[in-house]
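Each residue of the sequence shown is one higher than the one before, counting from 1 in the UniProt record's numbering.
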Amino acid sequence: MGKEVIKILYVNIKKEFDNFKLDIEFETNGETMALLGASGCGKSMTLKCIAGIEKPDEGEIILNNRILFNSKKKINLLPQKRKVGLLFQSYALFPNMTLRENIAIAVPKDRNNKNEIINEKIEAFSLKGLENNYPHQLSGGQQQRVALARMLVNEPEILMLDEPFSALDEHLRWRMEQEIISILRTYGGNTLYVSHNKDEVFRICEKVAVFNKGKIEEINSREEIFNRPTTYAAAVLTGCKNISKAKKISENKVYAVDLGLELNCNEVDDDVKFVGIYTEHLKVSEDNKEDNTFEFNILNVIDNLFSHTLVLSPRIKDYETQKIYMEVSESQFKGIENKKSIYLHFNKKNLLLLNK
């Protein structure tokens, strides 16, 4: 028999609350994994169950071969015994404690070099000189760094970050994101990262679990999820704005119902439900005879900071179609800004065939 592979984190739980049912199963192995989904889909509840703040109705949670929760064996470890680091959106600092005291309270009691550990984290998180400040005297970014330092001195076996940048302005968010990336690389352990921000997830995480209405619809590498999502929810969450209901015509062709177009594709499954394409994958074509090329009316132009979004509809008589969107650069826009219609090419390798 081969050597058994250790499941660093294994979660298989069910929990019902407020007419909502969480029913998920996943495992991770030392990577940074995003829980990506809309608000209210069960991401934060999953973290709370792993941390022991909430108790699942049934199932099990295993971390580094330690059972944190098992409903059949009636095991439910207290939060302080789980060796889990959870960073909330609010940071949860103690308002009546100084910066140093907030970090110190999390150092394991059996450590003899407590001051050394605290000083090391204060230095590492650029908090030197602020040791005697209280949370209300710190900026949002400083509070976050204190919360991260407090979490790490406890030597957790897993880090869990719940939308850590939601309270920060855009400039500080970018800086803190770079710090988080650096911290996670140094940490090198297992991390769960909750977000509904696709750009954040792409920059920070290696693996993505797509949450939708209390279930995980898809788990895959960051590259696969963002380039080849297989479900409607995953496509929307990764930024696909052009999605139409679809019907299979043949092994290599679908009918985009909402656009009134027949599209040649790569292999089409029998259970295809939608076809989509990212705005940046649509191309203007000068050859209207090219495969998968159709004339579109330009209905509107939305000006962005460094690009333009074209609002388009297929030029089909007596057919009400949905609008589609295309991103073009400033230089591309100069060639078409006075046109009322353009030919668009749908490259079949970029078409997303979604099965639910």
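The beta-carbon is built from N, C-alpha and C at its ideal position, and this holds for glycine as well.
For H136, no alpha helix (DSSP H) encloses it, and the DSSP letter there is neither H nor E.
Counting of Cβ neighbours within 10 angstroms places F20 among the exposed residues, the total staying below 16. At a Cβ-Cβ threshold of 8 Å, A51 and P79 count as neighbours.
Only buried fits Q143, as 16 or more other CB atoms lie within 10 angstroms of its CB.
With 16 or more other CB atoms across the displayed protein chains lying within 10 angstroms of its CB, A234 is buried. A distance of 8 Å or more separates the beta carbons of M326 and L263.
Each of L35, M45 and N266 was checked against the Cα of F17, and the nearest Cα belongs to M45. If you look at V275, you'll find it in the beta strand (DSSP E) that goes F274 to I277. Contact between the segment 29-48 and the segment 91-105 is absent: fewer than 3 CB-CB pairs across the two stretches fall below 8 Å. With respect to R222, E200 sits apart: the two C-beta atoms are not nearer than 8 Å.
The beta-carbon separation of N252 and V268, rounded to 6 Å, stays under the 8 Å limit for a contact. The way I'd put it, the segment 7-15 does touch the segment 53-64; three or more beta-carbon pairs between them come closer than 8 Å. Segment contact: the segment 109-122 against the segment 166-176, fewer than three CB-CB distances shorter than 8 Å; contact not assigned. The segment 71-89 makes no contact with the segment 130-138; the number of CB pairs closer than 8 Å stays below 3.
D57 and G214 have their C-alpha atoms some 14 Å from each other. At least 8 Å separates the beta-carbon of V153 from that of N102. Around the C-beta of K15, 16 or more other C-beta atoms lie within 10 Å, and the residue is accordingly described as buried. Non-local beta-carbon contacts of S195 in its own chain, meaning distances under 7 Å to residues more than five positions away in sequence, involve A34, L36, E163 and V201 in chain order.
When the five nearest sequence neighbours on each side are left out, the beta carbons in the same chain lying within less than 6 Å of the beta carbon of E54 are those of K48, in order along the chain. Remark: C-beta atoms of I204 and V210 do not approach each other more closely than 8 Å. DSSP places A256 in the strand class (E or B) of the three-state scheme. Between F88 and F165, the alpha-carbon positions lie close to 10 Å from each other.
In this structure, F333 sits near H308, with a CB-CB distance shorter than 8 Å. DSSP places R100 inside the alpha helix (DSSP H), whose first and last residues are L99 to A104. As summarised for the segment 36-117, the continuous beta strand (DSSP E) elements at least 3 residues long and confined to that stretch are 58-63, 66-70 and 84-87, given in chain order. Counting along the chain, the unbroken beta strand (DSSP E) around E16 starts and ends at L9 to F17. The segment 209-250 is shown to contain whole beta strand (DSSP E) runs of 3 or more residues at 215-221 and 242-250, in chain order. The criterion of a C-beta distance shorter than 8 Å is satisfied by G85 and M151.
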